[in-house]
Each structure stands twice: as C-alpha cells, then as structure tokens.
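Asker:
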Amino acid sequence: MQIVWNSSMETGIRTIDRQHEELIGMINELAAILETRPDQATLEDILRRLKAYVIFHFSTEESLLANLPDQQEHALAHLAMHREFARQLAAQGETLRADDAAALQGLLDYLQSWLLNHILKTDRQLGQLLNRQVVESAGIERVVSR
Numbered sequence: 198m199q200i201v202w203n204s205s206m207e208t209g210i211r212t213i214d215r216q217h218e219e220l221i222g223m224i225n226e227l228a229a230i231l232e233t234r235p236d237q238a239t240l241e242d243i244l245r246r247l248k249a250y251v252i253f254h255f256s257t258e259e260s261l262l263a264n265l266p267d268q269q270e271h272a273l274a275h276l277a278m279h280r281e282f283a284r285q286l287a288a289q290g291e292t293l294r295a296d297d298a299a300a301l302q303g304l305l306d307y308l309q310s311w312l313l314n315h316i317l318k319t320d321r322q323l324g325q326l327l328n329r330q331v332v333e334s335a336g337i338e339r340v341v342s343r
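Numbering-wise (the working numbering), the sequence shown opens with residue 198 and increments by one.
#1: Quick check on DSSP: helix, strand or coil for R234?
#2: In whole angstroms, give me the CA-to-CA distance for L326 and A298.
#3: Does the Cβ of R329 have 16 or more other Cβ atoms within 10 Å, making it buried, or fewer, making it exposed?
#4: Using CA atoms only, rank isn't needed, just tell me which of R294, L305 and L265 is closest to V331.
#5: Which residues in the same chain as W311 place their Cβ atom closer than 7 Å to its Cβ, once the five residues preceding and following it in sequence are excluded?
#6: Let's see if you can read the secondary structure: which residues bound the alpha helix (DSSP H) around H271?
#7: Please indicate yes or no: does the CB of M278 lie closer than 8 Å to some heavy atom of the ligand COA?
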C-alpha cells in the first residue's frame, strides 16, 4: 500500500509538511521495491537514506518545539515518540535481510502506521501550537506598536 499525501495531513507549517511529503515518498519507495524482491544493497541504501532523513526531520521539529517553552508536556511526549521511532527503525534495520519478506512487510507496516498516526495527531497538534503562537505574537506586537 502506498501512502498518498493529502490536505488532512497538513500541519500548517510548510517546512514540516514538505518534509513529511519526502518521508512518505521514501516509505513509498520502500513499499515499491518490496514488490520486486530487492537485493540487500538496495534495501540497505533505502534504509540508510530513510534513517538520515528521519534524523534531519526530527531535528527540524525539535528546534520548533524549543520555541514553545510553555508546552513542555507536549514537547517531552513528542521527543519521546521521536526517540522510540528512531530506536525501532535502527533495531529493525540492523537485522533486516532482503530475503525475509515477512520482516520487510512488518517494517513497512510499522513505518506507514507510525508516520500516519504521528502526522495526523502529534504533528498536527504541533502545527496548531506553533500557529497559535504566531497569532498571539502578532497580536502582542500590534498592541505594543500602537
């Protein structure tokens, strides 16, 4: 199954949305090659690129979270989710073999499920918090400038 990006996944933060689209593209690439029975080198290349992009994306989100000092609870939960995902991806990727169709499908199912749930819940909430902060900051600036 391929994930199709749609407006229900938008966070309202274009940088994050573009990165989510890229992550979805990589996961879809993995899904596509699993149908062709990849060789080990191809599988390792996709997983290496996915892991690197996940680190980049999470660092982007985490730098945005740092701008929300009054949302510590959300930030801590969000960071914990990132750490667990990265741990799972690393652990599953270490022992994955291109000839183990069941394990490959399990990894794909995990990646798709986790990313969709994370975007639709946690990251959309992050977008709301960041957008609210921008609106509140703009309101404060207008009052101060009068």
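Glycine included, each C-beta is placed from N, C-alpha and C at the ideal position.
Answerer: According to the structure shown:
#1: Reduced to three states, the DSSP call for R234 is coil.
#2: Roughly 40 Å separates the two Cα atoms.
#3: Counting Cβ neighbours within 10 Å, R329 comes out exposed, since fewer than 16 surround it.
#4: Put simply, of R294, L305 and L265 the residue whose alpha carbon is nearest the alpha carbon of V331 is L265.
#5: F282.
#6: Run containing H271: Q269 to T292, per the alpha helix (DSSP H) assignment.
#7: This structure lacks the ligand COA, and indeed carries no ligand of any kind.
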